[in-house]
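I have placed the structure first, in the form of structure tokens, so that the comments after it can refer back to it.
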Amino acid sequence: MNINQNYENLEQSYLFSTIAHKVNDFISKNPDKRVIRLGIGDVTLPLCKAVTDSLHKAVDEMGVQTTFRGYGPEQGYDFLRAAVQNYYKKRDVELELDEIFISDGAKSDLGNILDLFAQDNIVLVPDPVYPVYVDTNIMAGRKVIFANANGENCFLPMPDNRDADIIYICSPNNPTGAVYNKDQLKQWVDYALKQKAVILFDAAYECFVSDDTLPHSIYEIEGAKECAIEFCSLSKTAGFTGTRCGYTIVPKALGKLNKMWLRRQTTKFNGVPYIIQRGAEAVFTEEGQKEIKENINYYKENAKIISDTLKICNIWHVGGKHSPYIWLRCPNNMKSWEFFDYLLENAQVVGTPGAGFGKNGEGYFRLTSFGSRENTKEAMDRFKKLFQ
Ligand SMILES: *Cc1c(COP(=O)(O)O)cnc(C)c1O
0 MNINQNYENL EQSYLFSTIA HKVNDFISKN PDKRVIRLGI GDVTLPLCKA VTDSLHKAVD
60 EMGVQTTFRG YGPEQGYDFL RAAVQNYYKK RDVELELDEI FISDGAKSDL GNILDLFAQD
120 NIVLVPDPVY PVYVDTNIMA GRKVIFANAN GENCFLPMPD NRDADIIYIC SPNNPTGAVY
180 NKDQLKQWVD YALKQKAVIL FDAAYECFVS DDTLPHSIYE IEGAKECAIE FCSLSKTAGF
240 TGTRCGYTIV PKALGKLNKM WLRRQTTKFN GVPYIIQRGA EAVFTEEGQK EIKENINYYK
300 ENAKIISDTL KICNIWHVGG KHSPYIWLRC PNNMKSWEFF DYLLENAQVV GTPGAGFGKN
360 GEGYFRLTSF GSRENTKEAM DRFKKLFQ
């Protein structure tokens, strides 16, 4: 047996373990201080009522002979695929049911989709970035090149003249919160078509887009069905981080990829439990949409509180408007980890050092609006005391 040597090439991810270590260390030395965490990317609000009602009902169905369900279709039940189809239709994106694949979340599919592509493809990934894109390709032994996102391009890199075969785009972006407009995305679509490349579009934060002129889906761009696969998730949209459900769109206009993905999923994926799919279906009902919007607005209001405070403190930042993340430049030219320590020590606020997301993240810092209102306000009061 020979192991997959590519795993040796993975960089150790010390980001969240280092944060946890530093925070625990601080707390043990300062037991009387209250630490506020605006660092992790997990949601805090519970599932909405439409979802839990639907989950309960589905549980009961499973206990009755006539409504019990065993093995289901790996690619998802039609009732949920139809709900997703209808959701896209509201934005004038027409999808066929068999272009929609129900998943247990975007992370798994973002990794698994790589089964469909040869090893010698060149992968273009933005920097800073959600670490999964890079690590999954390193595991497969692919060459990764980076598109620099920085203050000059407002963290929205555009295509240049380099060759690439697989292109990752995450908009609204984690960690920066930056979002592409339609003209910018069109440039990426044109570039991908010219390169005969595929775009892997991560739409995990689409529901945070609050300006109707900004795209939620890459398929709002002409030509995208010929070059893009889209990944979405109910994790951030509807608090499904523990419940697990998402969807992936593989258009038939991409040629063989649609059939290949079906084959891959029916062979290697067991599908999402019926009960969970019923819960997910409820997200797309009128009631469900109304309830999740309330939750999203709660987070957006938190983001506004953070952004307004940073403005008062003259701290440069992007994001927060169409995203739960605020990406700030560390004051006084501090490095990311230096600022992390400074904030923990002086304000007991925990964020995520930008350097942990790539070399261009150095000197930046991510705050999340996924905390409670009370904690967000308290954290921002502490910011004002330090920086105003
Ligand atoms: C949270 C997140 C996801 C979704 O992850 P799930 O596996 O669906 O929970 C995907 N992409 C990005 C950039 C994320 O931040």
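At position 157 of the sequence shown the residue is numbered 156 (numbering that gives the first Met the number 0), and the sequence of numbers has no breaks. Cβ atoms here follow ideal geometry from the backbone N, Cα and C, with glycine treated the same way. It should be emphasised that the depicted structure is a prediction, and the values quoted were computed from it without experimental measurement.
Where Thr66 falls: helix, strand or coil (DSSP): In the sequence shown, counting from the first residue as 1, residue 66 sits at position 67. The three-state reading of DSSP puts Thr66 in coil, since its state is none of H, G, I, E or B.
Within the region 24-88, ranges of the alpha helix (DSSP H) (whole runs, at least 4 residues): 48-61, 77-88
Closer than 7 Å: Gly370 CB and nearest ligand 1 heavy atom: The residue you call residue 370 lines up with position 371 of the sequence shown. No, the beta carbon of Gly370 sits no closer than 7 Å to any heavy atom of ligand 1.
Ala227 CB to nearest heavy atom of ligand 1 below 7 Å: Translated into the one-based positions of the sequence shown, residue 227 becomes position 228. Every heavy atom of ligand 1 is 7 Å or more from the Cβ of Ala227, so no.
Cα-Cα separation, Ile304 to Trp187: On the sequence shown, residue 304 is found 305 positions in, with the first residue counted as 1. On the sequence shown, residue 187 is found 188 positions in, with the first residue counted as 1. Rounded to the nearest angstrom, the two C-alpha atoms are 33 Å apart.
Given Ser335 as reference, the closest of Val83, His321, Gly353, Gln347 once Cα atoms are compared: Position 336 of the sequence shown, counted from the first residue, corresponds to residue 335. For Ser335, the closest of Val83, His321, Gly353, Gln347 by C-alpha to C-alpha distance is Gly353.
beta-carbon Tyr246 near ligand 1 non-hydrogen atom, thresh 7 Å: Numbered from its first residue, the sequence shown carries residue 246 at position 247. For ligand 1, not one heavy atom lies less than 7 Å from the Cβ of Tyr246.
Ligand 1 heavy atom lying under 7 Å from the CB of Ala177: Residue mapping note: residue 177 aligns to position 178 of the sequence shown, counting from 1. It does not: the Cβ of Ala177 is nowhere closer than 7 Å to a heavy atom of ligand 1.
Identified DSSP bridge partners for Val197: In the sequence shown, residue 197 corresponds to position 198, counting from 1. According to DSSP, which records beta bridges pairwise, Val197 is partnered with Ile165.
Buried versus exposed call for Gly287 [16 or more other C-beta atoms within 10 Å across all chains shown]: Taking the first residue of the sequence shown as 1, we reach residue 287 at position 288. Under this definition Gly287 is a buried residue.
Nearest-angstrom Cα separation, counted from Glu73 out to Leu309: Position 310 of the sequence shown holds residue 309. Position 74 of the sequence shown holds residue 73. Rounded to whole angstroms, Leu309 to Glu73 spans 46 Å at the Cα level.
Whole-Å CB distance - Ile166 paired with Ala196, under 8 Å assumed: For the purposes of this step, residue 166 is taken as residue 167 along the sequence shown, with counting starting at 1. For the purposes of this step, residue 196 is taken as residue 197 along the sequence shown, with counting starting at 1. The Cβ separation is near 5 Å, so the contact holds.
Cβ-based neighbour list, Pro250, same chain, cut-off 6 Å, excluding 5 preceding and 5 following: If you number the sequence shown from 1, residue 250 lands on position 251. Correct list, in chain order: Glu98, Lys224.
Buried or exposed by the 16-neighbour rule on C-beta atoms within 10 Å, applied to Trp326: In the sequence shown, the residue the question calls residue 326 occupies position 327. It counts as buried.
Distance cut-off 7 Å: Lys235 Cβ against heavy atoms of ligand 1: Here residue 235 corresponds to residue number 236 of the sequence shown, with the count starting at 1. Lys235 Cβ: within cutoff of ligand 1.
Coil, strand or helix - Ile275 by DSSP: For the purposes of this step, residue 275 is taken as the residue at position 276 of the sequence shown. The DSSP-derived three-state label of Ile275 is helix.
Beta bridge counterpart(s) of Glu229 as assigned by DSSP: Indexing the sequence shown from 1 puts residue 229 at position 230. Paired residues: Phe200, Ile248.
Same chain only: Cβ atoms within 8 Å of Ile311, ignoring 5 sequence neighbours per side: The residue labelled residue 311 in the question sits at position 312 within the sequence shown. Cβ neighbours of Ile311 beyond the five flanking positions: Lys383, Gln387.
Simplified DSSP state of Lys258, which is helix, strand or coil: Counting from 1 along the sequence shown, the entry for residue 258 is found at position 259. In the structure shown, Lys258 sits in a helix (DSSP, three-state: H, G or I).
Segment limits, alpha helix (DSSP H) that includes Val131: Position 132 of the sequence shown, counted from the start, is the residue given in the question as residue 131. Where Val131 is concerned, the enclosing alpha helix (DSSP H) stretches over 131-138.
Exposure of Trp260, with buried meaning 16 or more beta-carbon neighbours within 10 Å: On the sequence shown, residue 260 is found 261 positions in, with the first residue counted as 1. Buried is the call here.
Element boundaries [alpha helix (DSSP H), containing Ile291]: Taking the sequence shown and counting its residues from 1, the one referred to as residue 291 is at position 292. Counting along the chain, the alpha helix (DSSP H) containing Ile291 begins and ends at 285-311.
Stretch pair the region 343-350 + the region 265-278: three plus CB contacts closer than 8 Å: no
Reduced DSSP secondary structure (H/G/I, E/B, other) of Trp315: Stepping through the sequence shown from its first residue, residue 315 is reached at position 316. Trp315: coil per DSSP, three-state reduction.
DSSP-derived helix/strand/coil call for Ile18: By 1-based counting over the sequence shown, the position of residue 18 is 19. DSSP places Ile18 in helix when its eight states are reduced to three.
Thr242 CB to nearest heavy atom of ligand 1 below 7 Å: Translated into the one-based positions of the sequence shown, residue 242 becomes position 243. Thr242: no, Cβ never under 7 Å from ligand 1.
Phe239 vs His321 beta-carbon contact at 8 Å: As a position in the sequence shown, residue 239 is number 240, starting the count at 1. As a position in the sequence shown, residue 321 is number 322, starting the count at 1. Result no, Cβ atoms of Phe239 and His321 do not sit closer than 8 Å.
Val92 burial status per 10 Å Cβ neighbour count (16 or more: buried): By 1-based counting over the sequence shown, the position of residue 92 is 93. Buried, by the Cβ-count rule.
Whole-angstrom C-beta distance between Asn1 and Ile137, which should lie under 8 Å: For the purposes of this step, residue 137 is taken as residue 138 along the sequence shown, with counting starting at 1. For the purposes of this step, residue 1 is taken as residue 2 along the sequence shown, with counting starting at 1. Not quite, the Cβ-Cβ distance comes to about 18 Å (not below 8 Å), so this is no contact.
DSSP three-state assignment for Ile101, whether helix, strand or coil: To locate residue 101, count along the sequence shown from 1; it is residue 102. In this structure, Ile101 counts as strand in the three-state DSSP scheme.
Close beta carbons around Ser12, own chain, < 7 Å, minus the five adjacent residues each side: Taking the sequence shown and counting its residues from 1, one reaches residue 12 at position 13. Here the set comprises Pro130.
C-alpha distance - Asn332 paired with Gly362, whole-angstrom precision: What you label residue 332 is simply residue 333 of the sequence shown in a count that begins at 1. What you label residue 362 is simply residue 363 of the sequence shown in a count that begins at 1. The alpha-carbon atoms of Asn332 and Gly362 are separated by roughly 7 Å.
Sufficient close CB pairs (3 or more, under 8 Å) joining the region 67-83 to the region 207-217: no
Whether Ile112 touches Ile295 by CB criterion (8 Å): Numbered from 1 along the sequence shown, position 113 holds the residue referred to as residue 112. Numbered from 1 along the sequence shown, position 296 holds the residue referred to as residue 295. For Ile112 and Ile295, no; Cβs fall outside 8 Å.
Continuous alpha helix (DSSP H) stretch holding Thr367: start and end: What you label residue 367 is simply residue 368 of the sequence shown in a count that begins at 1. For Thr367, there is no enclosing alpha helix (DSSP H); the enclosing beta strand (DSSP E) covers residues 363-367.
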